[in-house]
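Line by line, the protein sequences are chains A and S.
By the count of the numbering used here, the first sequence reaches residue 594 at its end, each step adding exactly one.
By the count of the numbering used here, the second sequence reaches residue 188 at its end, each step adding exactly one.
What follows is a set of notes on a single structure, which appears directly below.
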Amino acid sequence: MSDTVKLTIDHMDVEVPRGTTVLEAARELGLRIPTLCHLEGVHQQGVCRVCVVELEGRPNLLASCVLEAANGMRVRTNSMRVLRARNTVFELMLSDHHKDCLGCDRNTDCELQELAMHLGVDAERFAEDLAAPRMLDISSQSLVRDSGKCILCRRCVSVCEQVQTVGTIGVQERGSASSVAPAFVGLGDAVCVNCGQCAAVCPVNAIFERDHVHPVEEAIIDPAKHVVVQTAPAIRAAIGETQGMPAGSLVTGQLVTALKMMGFDAVFDTNWSADLTILEEGMELLARLKRAVADGDSSVALPMMTSCSPGWVKFLEHFYPDLTDNLSTAKSPQQMLGTVIKTYYAQNLGLQPEDIVVVSVMPCTAKKFEASRPEMTDSGVRDVDYVVTTRELGRMIRKNGLDFANLPAGEFDDPLGRSSGAADIFANSGGVMEAALRTVHEVVTGRELPFANLHVTDLMDIEGVREVAVTFEDVTEDYSWLEGVTAKLAVTSGLGNARELMDRVSSGQAEYHFIEVMGCPGGCIGGGGQPRPTTDAVRRQRFAAICAEDEGKPLRKSHENPLIDRIYADFLGEPNSHKAHELLHTHYVARDAY
Amino acid sequence: MTPGNPLKIAAQGCHCEELSEEQKFERLDEILAIYREQPGSLINCLYVAQTIFGHLPDPVLAHVARRLGVPTARVTGVASFYSFFSRQPRGRHTIKVCLGTACYVRGGREIMEVLVRDLGIKAGETTEDGQYTLEVVRCVGACALAPVVLGDDETFRRVRPTKVSEILARFAPSATPSAAPAPVKEVV
């Protein structure tokens, strides 16, 4: 059997590999069949029927996105019958969509608008027939659902159930009563991990992040408030996309300047607390290993798992509540910095924690939930007040009229602004593990991590589960118990991958010492709050930008950051000290999965 | 006890009305245990659950999800998609009015109007005393007998609006009115 098939599309011959869809074959010919629900790698179900084509010999029109090309097919994509059907399907969809576009956050960034332009639909043929009542679900700290905008394309259902294996939302009822919703309750009470992948793939404004822009704007103009902003590692490699720059643009300096021009009183870097996280989490790992290896204590919870990703943390709390002791107790960098700002920094400035408003810019919708967790109040008040996503910051930059790409480069403020390259790679899947190894290996052996350019081979990537083993040799006297010990490590991203890994861990099929999981595919660079679209190609471009930022730093290891030394000397004592535990560590809860 | 064909067992008069809530969940669990290992059996499981509980209250749907390891939103999605599943308590008797083409033109619509008026409920609803559930069906394949009304498994042919009260009387409540059922709580 030949590996290719030959067919005709709009009178043109084309030869494509077997298994290619007609939609893809048409692209080979430079023909763009319009699509709406189709999203490569996430949702390929032929639900919306916008991509229908005519196939000679078949009485009905077929969805080209799920039609496999076959030898001898004669396909028409532009016959009058196809064009009429396509437009009717689209206009019916429009008739159920609330078209208050001016007040919509997706205005000019809406796949429905884009398609209307493409199809030449400029008038409303069907009178508004809004079958189901509009329902706004504001129960979640992270996400809002607006059924009035939903066009039932089901991308969100696919990404939630198939990619993330969470299954929070599904299509309920049928026909004109259909809606995408959780089982019995609002998102805030459902089994939802707040990862926001649904919002990242939504073509319209039916699922989106809960707005924190307005309260931030109010805080900035309030003279009584000292408003501090922190930006996550992944923002610098993505925010440019919201301002028309290509994916992978590294814009750290412009980002800082933009935030200063907006009126924030101080611009800090979540990278700084990523370095702090490595000290706390790295020492915690060594303490757990010591108890297991040197003391033979079998009760110690290994493998230790990273706790930076709040979507992943809540996933574990819901689906593997028996494994929550394995999570590092170290808070995420966002929460560490929030606490440090409202304690250490507040003291230095003679301010009370309630005088300070901490805003964080995150690639993540789950960070909004994390900031609202009742545990996250170690400064006496809420440690992080508001969390805006990359997309929300993009809107703020536009509202402020900033010509972002041409802004001069600014510098983060001291004392919480400088960081090592190890902190940058927190944005990439595998980065937290690599950053931890750079420090732990050097602490244990006194020598640098033995890999070219400090990158552990095959550790950072956007796909699958990666395993690495690192053997500690010629260790220093303090760590003699680690001599010759091989640490088994695993890294993954995306909760479907995490589920596979956790099933193997909880059944005892796989034994590791340390596991890094990030909830979103590719890590934070592919977070649910990042600019749309986030395809694998875009993920790789942001990934590369983050690696470039790391490699361009004079300091590449967290323990070399002098400002981290300073906070331990001035305030915390040493890593995992009593005070560090009080302020920088947290605990987790078991949750139901149904 | 190892049940045989679960669907058969569930369908054979299980006298479920006489079972306590706990016993109903036990019975359901026996059958869910069989289906747990067979992907794609959600509809069968919901059918069994509806046979045991009479309808599919939320705690039963959550229980099916838990035992099968399927997301709750998918379970409620399936339960709300198929018209033969009911998430509301059903009456002791189901009155179905055929509104297929033949029955419709021969007066099915008037029959429906009388039933809606006399029972004080709309199609798809159940009377407050839990006696009747009223439903629409689209053709039962007995067009020669149009218009047709089904009372449980009994077929009434060439029904005139004036005959509706007679049909209802056949399914009238017994002398002792039963109390409204208590809401179901999941037994894990």
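Where is the CB? At the ideal position from N, CA and C, for every residue including glycine.
List the whole-angstrom C-beta distance separating residue i from residue j, where the pair is believed to meet the contact cut-off of C-beta under 8 Å.
i, j, result
"S/Leu68", "S/Leu32", "6 Å"
"A/Glu516", "A/Met433", "4 Å"
"A/Glu280", "A/Ser420", "About 15 Å separates the two Cβ atoms, so there is no contact after all."
"A/Ile151", "A/Met93", "5 Å"
"A/Asn107", "A/Leu143", "That belief does not hold up - the Cβ atoms of A/Asn107 and A/Leu143 are roughly 19 Å apart, past 8 Å."
"A/Thr486", "A/Thr471", "4 Å"
"A/Thr165", "A/Arg447", "A/Thr165 to A/Arg447, Cβ: 41 Å. No contact."
"A/Pro303", "A/Tyr512", "4 Å"
"S/Val64", "S/Leu46", "7 Å"
"S/Gly130", "S/Pro89", "7 Å"
"A/Met376", "A/Gln335", "5 Å"
Measuring only the C-alpha atoms, how far is residue i from residue j?
i, j, result
"A/Ala590", "A/Glu317", "5 Å"
"A/Met12", "A/Val89", "26 Å"
"A/Phe426", "A/His226", "28 Å"
"A/Ala593", "A/Tyr568", "40 Å"
"A/Asp383", "A/Leu583", "10 Å"
"S/Pro3", "S/Leu28", "The predicted position of S/Pro3 is uncertain, since its pLDDT is 45 and thus under 50; no value can be drawn from it."
"A/Ser307", "A/Gly350", "32 Å"
"A/Lys553", "A/Lys488", "29 Å"
"A/Thr8", "S/Glu30", "56 Å"
"A/Gln254", "A/Val228", "17 Å"
"S/Glu18", "S/Val187", "17 Å"
"S/Pro204", "S/Val60", "Examination of residue 204 of chain S is not possible in this model, given that chain S is present from 1 through 188 alone."
"A/Arg395", "A/Ala232", "17 Å"
"A/Cys520", "S/Leu119", "54 Å"
"A/Val50", "A/Gln113", "14 Å"
"A/Asp413", "A/Leu407", "17 Å"
"A/Gln595", "A/Cys364", "Residue 595 of chain A is absent from the model: chain A starts at 1 and stops at 594."
"S/Asn44", "A/Val361", "48 Å"
"A/Leu36", "A/Asp297", "56 Å"
"A/Ala238", "A/Leu23", "30 Å"
"A/Ala607", "A/Asp503", "Limits of chain A in this structure are 1 at one end and 594 at the other, which puts residue 607 of chain A out of reach."
"A/Thr329", "A/Leu39", "37 Å"
"A/Val66", "S/Ser41", "25 Å"
"A/Gly528", "A/Thr270", "18 Å"
"S/Met1", "S/Arg87", "The pLDDT assigned to S/Met1 is 37, lower than 50, so where the model puts this residue is not dependable; a value taken from the coordinates is nonetheless given after this. Rounded to whole angstroms, S/Met1 to S/Arg87 spans 29 Å at the Cα level."
"A/Ser273", "A/Asp211", "25 Å"
"A/Gly523", "A/Ser249", "18 Å"
"A/Pro531", "S/Gly91", "52 Å"
"S/Val78", "A/Arg154", "15 Å"
"S/Glu110", "A/Cys101", "45 Å"
"A/Ala224", "A/Val216", "14 Å"
"A/Glu72", "A/Asn87", "This sequence places Gly at residue 72 of chain A; Glu is not what is there. The straight-line gap from Cα to Cα measures roughly 28 Å."
"A/Ser179", "A/Lys149", "11 Å"
"S/Gly107", "S/Arg74", "39 Å"
"A/Asp10", "A/Ala206", "35 Å"
"S/Leu99", "S/Arg157", "13 Å"
What are the partner residues of residue i, as DSSP defines its beta bridges?
i, result
"A/Gln44", "Beta-bridge pairing links A/Gln44 to no other residue."
"A/His585", "A/Ala330"
"A/Tyr386", "A/Val359"
"S/Tyr35", "Beta-bridge pairing links S/Tyr35 to no other residue."
"A/Ala487", "A/Val470"
"A/Lys314", "According to DSSP, which records beta bridges pairwise, A/Lys314 is partnered with nothing at all."
"A/Ile9", "A/Met12 and A/Val75"
"A/Arg145", "A/Asp137 and A/Ile207"
Of the residues that make up the segment 69-84 of chain S, which ones have a beta carbon closer than 8 Å to any beta carbon in chain A? Val70, Pro71, Thr72, Ala73, Arg74, Val75, Thr76, Gly77, Ser80 and Phe81
Could you list the residues in the segment 170-186 of chain A with a C-beta less than 7 Å from some C-beta on chain S, going in chain order? Gly170, Val171, Gln172, Glu173, Arg174, Pro182, Ala183 and Phe184
In chain order, which alpha helix (DSSP H) runs of at least 4 residues are fully inside the segment 201-265 of chain A? 213-221 and 252-262
Completely contained beta strand (DSSP E) runs for the segment 43-114 of chain S, where each covers 3 or more residues: 93-98
Tell me the start and end of each unbroken beta strand (DSSP E) in the segment 258-311 of chain A that is at least 3 residues and wholly inside, in chain order. 266-269
Mind pulling the beta strand (DSSP E) runs of 3 or more residues that sit fully within the segment 50-107 of chain A? 52-55 and 74-76
Could you name the residues of the segment 50-65 of chain S whose beta carbon sits closer than 9 Å to any beta carbon of chain A, in the order they occur along the chain? Asp58, Leu61, Ala62, His63 and Ala65
Which complete alpha helix (DSSP H) runs does the segment 379-467 of chain A hold, if anything under 4 residues is left out? 390-399, 421-424 and 431-445
Of all the residues that make up the segment 155-170 of chain A, which are near chain S by a beta-carbon distance shorter than 9 Å? Val157, Cys160, Glu161, Thr165, Val166, Gly167, Thr168, Ile169 and Gly170
Secondary structure, beta strand (DSSP E): runs of 3+ residues fully inside the segment 542-569 of chain A: none
Jot down the residue ranges of each uninterrupted beta strand (DSSP E) in the segment 493-520 of chain A, minimum 3 residues, whole runs only, in chain order. 514-518
Which residues of the segment 562-584 of chain A have a Cβ closer than 8 Å to any Cβ of chain S? Give them in chain order. none
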